[in-house]
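Scroll down for the structure; my scribbles are underneath it.
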Amino acid sequence: MRKRTNANVPAKGRLRDMADSLWSLAVRADWANRCVVCGSNKVEAHHLTPRQFEATRYDLSNGVSLCARCHKHDPKVSPHLNAAGWCAWLNHHHPVRMAWYLDNRRPAWNGTKNAAYYIEVIRRLKQYVEPEDFTRIVGVKFEAWLEETAVDEAE
Numbered sequence: 128m129r130k131r132t133n134a135n136v137p138a139k140g141r142l143r144d145m146a147d148s149l150w151s152l153a154v155r156a157d158w159a160n161r162c163v164v165c166g167s168n169k170v171e172a173h174h175l176t177p178r179q180f181e182a183t184r185y186d187l188s189n190g191v192s193l194c195a196r197c198h199k200h201d202p203k204v205s206p207h208l209n210a211a212g213w214c215a216w217l218n219h220h221h222p223v224r225m226a227w228y229l230d231n232r233r234p235a236w237n238g239t240k241n242a243a244y245y246i247e248v249i250r251r252l253k254q255y256v257e258p259e260d261f262t263r264i265v266g267v268k269f270e271a272w273l274e275e276t277a278v279d280e281a282e
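Residue numbers (my numbering): 128 to 282.
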C-alpha cells in the first residue's frame with residue numbers, strides 16, 4: 128500500500144509522472160511543436176542532459192523537440208544513435224543550447240525527491256502549458272488542491 132499524507136495529493140510516483148508530462152508539453156510548445164531538425168509536427172521531447180540528473184530534469188533549457196525519426200532512428204542526427212553527429216548538428220544550428228548542454232552535462236543535485244519537491248516542480252511548470260492540458264494531466268481534484276494550498280501559502 129502506498130504512503131500518502133493527504134487524500135488530495137497523488138503518490139510520489141504519480142507526481143513525478145505528472146511533472147514529466149508537463150515538462151514534455153512545455154518543451155514541445157517552446158519549439159512550436161516542430162522537430163528542430165526536420166520540421167515535422169509530430170514530436171517528442173528530448174532531454175539534452177539525461178533525465179536521471181535531477182538538477183536539470185525539469186529545466187526547459189534541457190529539452191528540444193524531435194520527431195521519432197530524428198530522435199531515435201536517423202543515423203546522422205539521432206542523439207541516441209550518433210551522439211557526435213547530434214552534438215555537431217546542435218552546435219551548428221543552436222549554439223546557445225549547445226553551450227547550455229556543455230555547461231550542464233553532469234550537474235550536481237543535493238535535493239530530496241519527495242512529494243513536496245514534485246509539487247513545486249508541477250507548480251512551476253504550470254505557467255508553460257495550456258490550462259486544459261494542465262487539468263488533463265493533474266486532474267481536477269489535485270488542481271483544486273494546488274490552488275487552495277497556493278492561497279494558503281501566500282497568506
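Glycine included, every Cβ here is placed at the ideal spot set by N, Cα and C.
Original post:
For Gly190, which of helix, strand or coil comes out of DSSP?
Top reply: Position 63 of the sequence shown, counted from the first residue, corresponds to residue 190. If DSSP states are grouped into helix, strand and coil, Gly190 belongs with the strands.
**OP:** Could you pull out every residue in the same chain whose Cβ sits closer than 8 angstroms to the Cβ of Arg224, ignoring the five residues on either side in sequence?
**Re:** Sequence index remark: in the sequence shown, residue 224 carries index 97 (1-based). Excluding positions up to five away in sequence, the list reads Leu175, Ser188, Val191, Leu217.
**OP:** Select from Arg178, Val154, Lys268, His219 the residue whose C-alpha is nearest the C-alpha of Glu257.
**Re:** What you label residue 257 is simply residue 130 of the sequence shown in a count that begins at 1. Ranking Arg178, Val154, Lys268, His219 by Cα distance to Glu257 puts Val154 first.
Subject >> Any chain C beta carbon closer than 8 angstroms to Glu171 >> reply: Annotation note: the requested chain C is absent from the structure, which comprises a single protein chain.
Subject >> Per-residue DSSP class, three states only, for Glu275 >> reply: Counting from one through the sequence shown, the residue named residue 275 turns up at place 148. Glu275: helix per DSSP, three-state reduction.
Subject >> Host beta strand (DSSP E) of His174 (start-end) >> reply: For the purposes of this step, residue 174 is identified with residue 47 of the sequence shown, where counting begins at 1. Looking at the DSSP string, the run of the beta strand (DSSP E) that includes His174 is 170-174.
Original post:
Just to confirm, are Thr125 and Glu270 a CB contact at a threshold of 8 angstroms?
Top reply: Because the chain spans 128 through 282 in this model, residue 125 falls outside it and cannot be assessed.
Original post:
Rounded C-beta distance between Asp260 and Leu152? I'm assuming under 8 angstroms.
Top reply: Sequence index remark: in the sequence shown, residue 260 carries index 133 (1-based). Sequence index remark: in the sequence shown, residue 152 carries index 25 (1-based). Cβ-Cβ separation between Asp260 and Leu152: approximately 6 angstroms, consistent with a contact (criterion under 8 angstroms).
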